[in-house]
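What follows is one structure encoded as structure tokens, with my remarks underneath.
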Amino acid sequence: MAVERTLSIIKPDAVAKNVIGQIYSRFENAGLKIVAAKMKQLSREDAEGFYAVHKERPFFKDLVDFMVSGPVIIQALEGENAVIAHRDLMGATDPKKAEKGTIRADFADSIDANAVHGSDSVENAAIEIAYFFGTEVYSR
Ligand code: RTP
Ligand code: MG
């Protein structure tokens, strides 16, 4: 088993629903440690840069509009197989398809407003953590 880090975002819908603490509890109960965290109102430039891989997709503008619609909470999580462990807690992208008991099944309303983001690979996690935290993140 490998200790990994992953980048997590609590999206504007979940921040507005006042469930930050409930989502943090799920991370902690799953053995994921919060090693960096901040609340931030993303600019369009922040959101477009973060989701640059999706810029040709039809949902890109809606995704950016949504991500700048209110503050988000951004954190780096650390633990055994953190990337997959975190994706398992999140559930499927579309909350209607997400397994019961996952964050998206319990807190998300739609595929657009789907409560959380999580890195999809260790490589992307490193890029995404650097994107938001630069060298601020504590090393192990
Ligand atoms: P995320 O990156 O936010 O953790 O979500 P994900 O990996 O589960 O999904 P991804 O394919 O990376 O898509 C990024 C976000 O774009 C929105 N999306 N909308 N309308 C659509 O078909 C569609 N597909 C994706 C979602 O909000 C998704 O979280
Ligand atoms: Mg993704």
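For any residue, its number in the numbering used here is found by taking its place in the sequence shown, counting from 1, and adding 1307.
Glycine included, C-beta positions come from ideal geometry on N, C-alpha and C.
I need the straight-line Cα distance from Gly1377 to Leu1339, nearest angstrom please. Taking the first residue of the sequence shown as 1, we reach residue 1377 at position 70. Taking the first residue of the sequence shown as 1, we reach residue 1339 at position 32. Spanning the two alpha carbons is a distance of roughly 26 Å.
Contacting residues, own chain, Cβ-Cβ under 8 Å from Glu1387 (five flanking each side not counted): Counted from its first residue, the sequence shown places residue 1387 at position 80. Taken in chain order, the residues that qualify are Met1308, Ala1309, Val1310, Glu1311 and Gly1338.
In whole angstroms, what is the alpha-carbon distance linking Leu1314 and Lys1404? Locating residue 1314 in the sequence shown gives position 7, where the first residue counts as 1. Locating residue 1404 in the sequence shown gives position 97, where the first residue counts as 1. Distance between the alpha carbons of Leu1314 and Lys1404: 23 Å.
Assuming Val1256 and Met1397 form a contact by the criterion Cβ under 8 Å, report the distance between their Cβ atoms to the nearest whole angstrom. Residue 1256 is absent from the model: the chain starts at 1308 and stops at 1447.
In angstroms with no decimal places, state the Cα-to-Cα distance between Pro1426 and Thr1400. Reading the sequence shown from its first residue, position 119 is the one you call residue 1426. Reading the sequence shown from its first residue, position 93 is the one you call residue 1400. This sequence places Ser at residue 1426; Pro is not what is there. Cα-Cα distance, rounded: 12 Å.
For Lys1345, the nearest candidate out of His1393, Gln1382 and Ala1415 (CA to CA): Position 38 of the sequence shown, counted from the first residue, corresponds to residue 1345. It is Gln1382 whose Cα lies nearest to the Cα of Lys1345.
Flag this pair as yes or no: are the beta carbons of Lys1324 and Phe1414 separated by less than 8 Å? Taking the first residue of the sequence shown as 1, we reach residue 1324 at position 17. Taking the first residue of the sequence shown as 1, we reach residue 1414 at position 107. For Lys1324 and Phe1414, yes; Cβs fall inside 8 Å.
Pairwise C-alpha distance: Asn1431 and Phe1357: Position 50 of the sequence shown, counted from the start, is the residue given in the question as residue 1357. Position 124 of the sequence shown, counted from the start, is the residue given in the question as residue 1431. Using only the alpha carbons, I get a separation of about 11 Å.
Which residues end up in the neighbourhood of the ligand MG when you take C-beta atoms closer than 7 Å to any of its heavy atoms? His1424 and Asp1427
Taking only runs of the alpha helix (DSSP H) that begin and end inside the region 1357-1416, which ones reach a length of at least 4 residues, in chain order? 1367-1374, 1389-1397 and 1410-1414
What does the Cβ neighbour count give for Pro1365, buried or exposed, with the cut at 16 atoms within 10 Å? Locating residue 1365 in the sequence shown gives position 58, counting from the first residue. Flag for Pro1365 reads exposed.
Continuous alpha helix (DSSP H) stretch holding Glu1435: start and end: Position 128 of the sequence shown, counted from the first residue, corresponds to residue 1435. Run containing Glu1435: Val1429 to Phe1440, per the alpha helix (DSSP H) assignment.
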